[in-house]
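Protein chains in written order, with the working numbering: chain A, 1 to 445; chain B, 1001 to 1071.
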Amino acid sequence: MNEKYLKISDLNIYIKTIFDENPFLNKVFLRGEISNFKNHSRGHLYFTLKDEASRISAVMFYSSAITLNFTPEDGMNVLVEGRISCYPAQGTYQIYVEKMEPDGLGNLYIEFEKLKEKLSKEGLFLEECKKAIPKIPKRVGIITAPTGAAIKDIISTIKRRFPICETILFPALVQGRDAAPDIVRQIKEADSGKYDLDVLIVGRGGGSIEDLWAFNEEIVARAIYEANTPIISAVGHEIDFTIADFVADMRAPTPTGAAEMAVPTTTEIINMLNSYNIRLNEFMHNLIHKSKLRLDSATSSYILKNPLSLYELKEQKLDNLIEILNNNITKRISNYNLILNNFNNSYILKNPYSLFEVKKEKLIYNSNTLYHNLNNIITKNNHNYQILLNTLKLVNPLSILDKGYSLVTKDDTIIKNSTNLKINDIIKIKMHEGSVTAQVEEINK
Amino acid sequence: MEKSFEDALKELEVIVKELESGNVELDAAIDKYTEAMKLAKYCNEKLKTATDKVNKILTDNKELVDFEISE
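Structure representation (structure tokens):
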């Protein structure tokens, strides 16, 4: 009679079937507080949901848990959606949570307002901190999910308006608890300078406040604030305001709006080029007109129109100069005449002989003086001469001859000693009157 | 290297402003005007002949690859 005893596993599987086939238990909405929260290393979340009187085990598998935009913890009130089923191995029933959100949106708003006030006090929203969005970007960076309406809207809008613009998508999670750090990572990557971006669009499409929550996170706000690249925020719809919108350099109401702010239309550029063309042409026209006016006014001056007047003026001046010159010359001539007359009237010129007379008188006087002086000199010299002559006579060797002495010479040399002579030498004997030539016959020493 | 559209447009802007400041002599103005007209023509042609630039996406390996929007 063993057949009436069931195997436990069979019972549990049967019970599980009852749970699984019950339409009410397939979709259950629960409100409760988390306790015994465990985050398994493989990503599944295990916890208990409880209220004042009861509790139920809960499991949230990784595939669902990654969509969470908050980190669950013990004591947190949450709203969950899931199905009730049995875990046969344990014989327990539990709720398999598919969606979970913090209970009470009021909490989120309070958090939002608190962060907004804090960052505002720090000056993150100040207008003067906002960078200008370039009018004509070469390359636009986009940080959003690689799928979905947002990226489609942004790229198609950019391509429609300004097809020569390049875009680079930095794919990021935009929902769930990993979204904020992922957005921060991609902002830093895009802003690293490696991609030469002129502007960055950061955003996502519409959703609930929980969906958009990553854009209300402080780390995202700070990353936007610290980026050097101008950032346009584009989160959700027009009515959605996030912290990212306040801190971004420009807020776009929608992703499409962000693309419109980021790039001009080709038509706008063409209009701009045309307006430059018109301005340039107008400017050149004016400049040439002005220059022509100046030229006209210069060429129409009296002098250039009446060149003879220039000549006349000179003519008059020449006359003046000639007159002055004539006056000068006449004056000079009369001056010279005066001087010349003075010359002509001078006594000397009129009586040149008077000059001669004077010279003649002087000459006579001089010649008289000269004669007189000369006579004096001659007389004096005569006298001296007589004295000298007498003296000479006294000392002349020949004067001795007067007294009867003779002078013997040989070859015009006076012989004083007989030893200077030899027998037969021819000698000359000079006497007072005349001389004789003799030959030596005998020498006596 | 060929001038980029943006650089050409920026240069054009600078010249227009410079000319309109009124401190340019006629000879210099004519040169600048000629240059500006060349830039404007260049920009216009660039716009008209511009083909769609390919959109890129940064992969996990930090490589830029072509990106198509999936419809």
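Backbone N, C-alpha and C fix where the C-beta goes; we use that ideal spot for every residue, glycine too.
Treat the numbers as computed from the prediction; the structure is a model and nothing was measured.
Cross-strand partners of residue i (DSSP beta bridge)
i         : result
LYS118/A  : In the DSSP output, where bridge partners are listed per residue, LYS118/A has none listed.
PRO102/A  : VAL78/A
SER57/A   : THR48/A and GLN94/A
CYS86/A   : TYR93/A
LYS430/A  : LEU407/A and SER435/A
THR229/A  : None, per the DSSP bridge assignment.
LYS1056/B : ILE168/A and ASP1066/B
SER9/A    : Paired residues: none, contrary to the question.
SER35/A   : THR48/A
THR413/A  : LYS410/A
VAL235/A  : ARG204/A
LEU30/A   : VAL80/A
MET261/A  : Paired residue(s): none; MET261/A is not in a bridge.
THR144/A  : PRO171/A
VAL199/A  : VAL140/A
Distance CB(residue i)-CB(residue j) smaller than 7 Å
i         : j         : result
VAL78/A   : ASP103/A  : yes
ILE426/A  : GLN439/A  : yes
ASN216/A  : THR254/A  : no
ALA172/A  : ILE201/A  : no
ALA1029/B : LEU287/A  : yes
VAL97/A   : GLY82/A   : yes
PHE112/A  : ILE143/A  : no
ILE154/A  : ALA244/A  : no
ASP20/A   : SER63/A   : no
PHE37/A   : GLU73/A   : yes
THR157/A  : THR265/A  : no
LEU119/A  : ALA227/A  : no
TYR276/A  : LEU1019/B : no
MET250/A  : ILE270/A  : no
ILE1069/B : LYS152/A  : yes
THR71/A   : ARG177/A  : yes
ALA214/A  : ILE187/A  : no
LYS1056/B : ILE168/A  : yes
Contacts of residue i in chain A (Cβ-Cβ under 8 Å)
i         : result
SER1004/B : LYS138
LYS1056/B : GLU166, THR167, ILE168 and LEU169
GLU1020/B : ARG279 and PHE283
Whole-number beta carbon distance between residue j and residue i, since they are thought to touch under 8 Å
i        : j         : result
ILE415/A : THR409/A  : 6 Å
GLY205/A : ALA150/A  : 4 Å
VAL263/A : VAL140/A  : 7 Å
PRO230/A : ALA132/A  : 7 Å
TYR225/A : LEU124/A  : 5 Å
PRO163/A : LYS1053/B : 7 Å
LEU280/A : ALA1036/B : 5 Å
PRO146/A : CYS165/A  : That pair is no contact at about 19 Å.
GLN94/A  : ALA58/A   : 6 Å
LEU349/A : PHE356/A  : No, LEU349/A and PHE356/A are not in contact; Cβ-Cβ is about 13 Å, not under 8 Å.
ALA65/A  : LEU45/A   : 5 Å
Beta-carbon neighbours of residue i, restricted to chain B and to distances below 8 Å
i        : result
GLU226/A : In chain order: nothing, as chain B lies at least about 20 Å away.
ILE133/A : Simply none; closest approach about 14 Å.
SER156/A : ILE1069
GLU189/A : LEU1058 and LYS1062
Minimum Cβ-Cβ distance from residue i to chain B less than 7 Å
i        : result
ARG279/A : yes
ILE168/A : yes
THR71/A  : no
LYS290/A : no
LEU6/A   : no
LEU287/A : yes
THR447/A : Since the first and last residues shown for chain A are 1 and 445, residue 447/A lies out of range.
LYS152/A : yes
THR446/A : The displayed coordinates of chain A run from 1 to 445. Any statement about residue 446/A would go beyond what the structure contains.
LEU273/A : yes
Minimum Cβ-Cβ distance from residue i to chain A less than 7 Å
i         : result
ASN1023/B : no
ASN1044/B : yes
LYS1053/B : yes
ALA1008/B : no
Under 7 Å from the C-beta of residue i: neighbouring residues of chain A
i         : result
VAL1016/B : TYR276, ARG279 and LEU280
Short CB-CB distance (under 7 Å) between residue i and chain D
i         : result
ALA1028/B : Absent from the structure: chain D. Protein chains present are A and B.
Beta-carbon neighbours of residue i, restricted to chain B and to distances below 7 Å
i        : result
THR17/A  : Under the 7 Å cutoff, chain B gives no residues; its nearest Cβ is about 40 Å from THR17/A.
ILE493/A : The structure shown does not extend to residue 493/A, since chain A is modelled only from 1 to 445, so the question has no answer here.
Residue i Cβ short of 6 Å to the ligand MG heavy atom set
i        : result
ASN368/A : In the structure shown, the ligand MG is absent, as is every other ligand, since no ligand is present at all.
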